[in-house]
Structures are given as C-alpha cells and as structure tokens.
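The structure appears right after this line, and notes come after that.
Numbering (our numbering), first residue to last: 79 to 217.
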C-alpha cells in the first residue's frame with residue numbers, strides 16, 4: 079500500500095502477525111498515531127479497508143485509526159519510535175539470509191528515532207542472544 083506523507087506519527091510497528099497487529103491495534107485504541115508495516119499488500123489492504131487481519135487475528139475487528147503499509151522505507155523514515163514485532167523464530171533465519179537484521183532500509187529512520195525489538199514465542203534453543211541490529215537502523 080502506498081504511504082501518503084504523514085506528520086505527527088507516534089510509532090511504527092514492524093510485523094503484521096498476531097503480536098505486531100495486536101500491539102499496533104492497542105496503541106491506536108489508546109489514541110496513538112501508529113502505522114503497521116506488513117509484508118503482503120493484501121494484508122495491508124484488508125487492515126485499511128476492513129479493519130481486520132483474518133490470517134492472524136480471525137474474527138477480531140481492529141481500530142479504524144490503525145494504518146498499514148508495505149512501504150518499509152517510508153514507514154521508518156517518518157517514525158519517532160520503531161517497534162520490531164516479529165516472531166523470535168524468524169530472527170536468526172532472517173539474519174542468516176542477510177548480513178543485516180532488521181532488514182536493510184533504503185531510507186534512514188527519522189532523526190532521533192528509537193527502536194525496540196519485541197519478541198514472543200521464545201522456544202528452547204532460542205534463548206541465545208539475537209543478532210545485533212545495525213547501528214544505522216537503530217539511530
């Protein structure tokens with residue numbers, strides 16, 4: 079989904095699974111201007127149009143204030159706070175496929191942006207330290 083210029087954004091949540099979507103929804107319900115980055119265009123459109131994410135949260139209506147996009151570069155460029163909410167099991171495989179984690183962002187985060195990695199579903203063997211984020215992504 080194309081992202082129109084937006085000012086006054088409170089946070090960007092990276093990860094449109096159940097955890098990231100729930101977090102973004104709760105922020106929006108608590109009067110925060112939040113943008114949810116998802117990988118799939120159809121998921122972004124479903125969130126924008128129907129206020130739902132049936133793949134990960136079937137039957138749950140999302141806040142109509144929640145915005146979604148597939149444009150990672152634009153999302154992080156305007157984010158004062160970046161919350162990375164991806165499954166713990168995907169951190170190491172993603173890092174193995176790429177020399178960087180989080181994903182390389184063609185545009186730097188907003189000046190003075192802060193970033194936090196959130197993890198759910200920690201399983202045996204995953205308690206080792208996750209790969210370090212690139213300093214340029216954390217700023």
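Using N, Cα and C, we set each Cβ at its ideal position, and we do this for glycine too. Being a predicted model, the structure only gives us computed values, none of them experimental.
(request) Rounded to whole angstroms, what's the CA-CA distance from residue 164 to residue 117? Just pull it up for me. (result) When only Cα atoms are considered, residue 164 and residue 117 end up about 11 Å apart.
(request) Please work out which residues of its chain come closer than 7 Å, Cβ to Cβ, to residue 122, disregarding the five sequence neighbours upstream and downstream, and give them in chain order. (result) The answer, listed in chain order, is 79, 116, 146, 147 and 148.
(message) Using CA atoms only, rank isn't needed, just tell me which of 87, 160, 96 and 90 is closest to residue 132.
(response) Closest option to residue 132, Cα to Cα, is 96.
(request) Can you grab the Cα-Cα spacing for the pair residue 144 / residue 125, in whole Å? (result) Between residue 144 and residue 125, the C-alpha separation is close to 8 Å.
(message) Within the continuous beta strand (DSSP E) that includes residue 112, where are the two ends?
(response) Taken as a continuous stretch (DSSP letters only), the beta strand (DSSP E) holding residue 112 covers 112-115.
(request) Compute the beta-carbon to beta-carbon distance between residue 87 and residue 157, rounded to the nearest angstrom, for a pair I have assumed lies under 8 Å. (result) That belief holds up - the Cβ atoms of residue 87 and residue 157 are roughly 6 Å apart, short of 8 Å.
(request) Work out the CA separation of residue 142 and residue 173 for me, nearest whole Å. (result) Note that residue 173 has pLDDT 48, beneath the 50 cutoff, so the model's placement of it is unreliable and no number is given.
(message) My assumption, with CB atoms under 8 Å, is that residue 90 sits in contact with residue 113. Please give the rounded CB distance.
(response) Yes, residue 90 and residue 113 are in contact; Cβ-Cβ is about 5 Å, under 8 Å.
(message) Bridge partners for residue 90 per DSSP, in chain order?
(response) According to DSSP, residue 90 shares a beta bridge with 113 and 160.
(message) Assuming residue 127 and residue 139 are in contact, meaning their beta carbons sit under 8 Å apart, how far apart are those beta carbons, in whole angstroms?
(response) The pair is not a contact, with the Cβ atoms about 13 Å apart (cut-off 8 Å).
(message) Tell me which residues share the same chain as residue 103 and place their Cβ nearer than 7 Å to its Cβ, disregarding the 5 neighbours each side in the sequence.
(response) Hits under 7 Å: 140, 141 and 144.
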